[in-house]
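Comments concern the structure below.
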Amino acid sequence: EAGVAQSPRYKIIEKRQSVAFWCNPISGHATLYWYQQILGQGPKLLIQFQNNGVVDDSQLPKDRFSAERLKGVDSTLKIQPAKLEDSAVYLCASSLVPGAANYGYTFGSGTRLTVV
Amino acid sequence: GQQLNQSPQSMFIQEGEDVSMNCTSSSIFNTWLWYKQEPGEGPVLLIALYKAGELTSNGRLTAQFGITRKDSFLNISASIPSDVGIYFCAGGTSYGKLTFGQGTILTVHP
Numbered sequence: 007e008a009g010v011a012q013s014p015r016y017k018i019i020e021k022r023q024s025v026a027f028w029c030n031p032i033s034g035h036a037t038l039y040w041y042q043q044i045l046g047q048g049p050k051l052l053i054q055f056q057n058n059g060v061v062d063d064s065q066l067p068k069d070r071f072s073a074e075r076l077k078g079v080d081s082t083l084k085i086q087p088a089k090l091e092d093s094a095v096y097l098c099a100s101s102l103v104p105g106a107a108n109y110g111y112t113f114g115s116g117t118r119l120t121v122v
Numbered sequence: 207g208q209q210l211n212q213s214p215q216s217m218f219i220q221e222g223e224d225v226s227m228n229c230t231s232s233s234i235f236n237t238w239l240w241y242k243q244e245p246g247e248g249p250v251l252l253i254a255l256y257k258a259g260e261l262t263s264n265g266r267l268t269a270q271f272g273i274t275r276k277d278s279f280l281n282i283s284a285s286i287p288s289d290v291g292i293y294f295c296a297g298g299t300s301y302g303k304l305t306f307g308q309g310t311i312l313t314v315h316p
């Protein structure tokens, strides 16, 4: 089966600019996650969707970050305006159902964002 | 919030040696998972543990879920150059959220 697709792979922007990342999960996976991985750290959950509804966005900096999954398939994550500390790899992951995360859901290759 | 402490931070070993790394938490998790991440890629699942005290193997990898559900270890036997990467432990909840450790960087010298 095809994996989780993310684009772009790399993005360099200036601080205060806006940026958007796109994720296409594995076909049929109802649950989608966005993680932020700062260099030298483990991934940190930003937001979890079940179909097109938000399950957990407690760690999403909502003053500048937003995410949507309008049709319950693809998802976009946006940062507006970006700060230097947003430089990180943004990972998307998907699973069939939330509990299936206990079986280790599938991660995409990520988008590496550099804010200068 | 929940935090996982993973050790060691890095390891430099010779090919053929055994490796051991561990993870501890102040919180109880339903599931412990071990991932490997290579440069430019997302984490890939190695082993998943579901029951306290469970010991699971996957080839040269062996992992255990601590009795208290607050810790886990991963062993790699007879290391090879392709074992190089960053190894992460992660604690999972029934709703799907994973909390990751800081990672262990493994370097294997031929």
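Each protein sequence line maps, in turn, to chains A and B.
Using the numbering used here, read the first sequence as starting at 7 and increasing by one per residue.
Using the numbering used here, read the second sequence as starting at 207 and increasing by one per residue.
Even glycine gets a Cβ: it sits at the ideal position worked out from N, Cα and C.
Taking only beta-carbon positions, decide if residue i is within less than 7 Å of chain A.
i              : result
residue 209(B) : no
residue 247(B) : yes
residue 215(B) : no
residue 308(B) : yes
residue 303(B) : yes
Alpha carbon to alpha carbon, what distance is there between residue j and residue i?
i              : j              : result
residue 62(A)  : residue 55(A)  : 7 Å
residue 226(B) : residue 238(B) : 16 Å
residue 299(B) : residue 88(A)  : 31 Å
residue 248(B) : residue 275(B) : 26 Å
residue 264(B) : residue 69(A)  : 43 Å
residue 215(B) : residue 240(B) : 15 Å
residue 211(B) : residue 308(B) : 7 Å
residue 14(A)  : residue 279(B) : 35 Å
residue 209(B) : residue 23(A)  : 32 Å
Counting only C-beta atoms, is residue i closer than 7 Å to chain B at any point?
i              : result
residue 120(A) : no
residue 14(A)  : no
residue 31(A)  : no
residue 115(A) : yes
residue 42(A)  : no
residue 51(A)  : yes
residue 37(A)  : yes
residue 78(A)  : no
residue 48(A)  : yes
residue 97(A)  : yes
If we call anything under 7 Å between Cβ atoms a contact, is residue i one with residue j?
i              : j              : result
residue 32(A)  : residue 10(A)  : yes
residue 94(A)  : residue 12(A)  : no
residue 277(B) : residue 230(B) : yes
residue 126(A) : residue 306(B) : Here chain A covers residues 7 to 122 and nothing more, so residue 126(A) does not appear.
residue 292(B) : residue 311(B) : yes
residue 65(A)  : residue 45(A)  : no
residue 82(A)  : residue 26(A)  : yes
residue 252(B) : residue 242(B) : yes
Considering only heavy atoms of the ligand GTP, does any lie closer than 6 Å to the CB of residue i?
i             : result
residue 17(A) : The model depicted lacks the ligand GTP and carries no ligand whatsoever.
In the DSSP assignment, find the beta strand (DSSP E) that holds residue i and state where it starts and stops.
i              : result
residue 241(B) : 237-243
residue 277(B) : 277-282
residue 269(B) : 267-271
residue 61(A)  : 59-62
residue 17(A)  : 16-19
residue 2(A)   : The first residue shown for chain A is 7 and the last is 122, placing residue 2(A) beyond what the model contains.
residue 43(A)  : 37-43
Cβ of residue i less than 7 Å from any chain D Cβ?
i             : result
residue 67(A) : Chain labels in this structure do not include chain D; the protein chains are A and B.
* Pairing CB atoms from the stretch 69-84 of chain A with CB atoms from the stretch 27-39 of chain A, are three or more of them under 8 Å? -> yes
* **At least three beta-carbon pairs within less than 8 Å, the stretch 213-222 of chain B to the stretch 259-270 of chain B** => no
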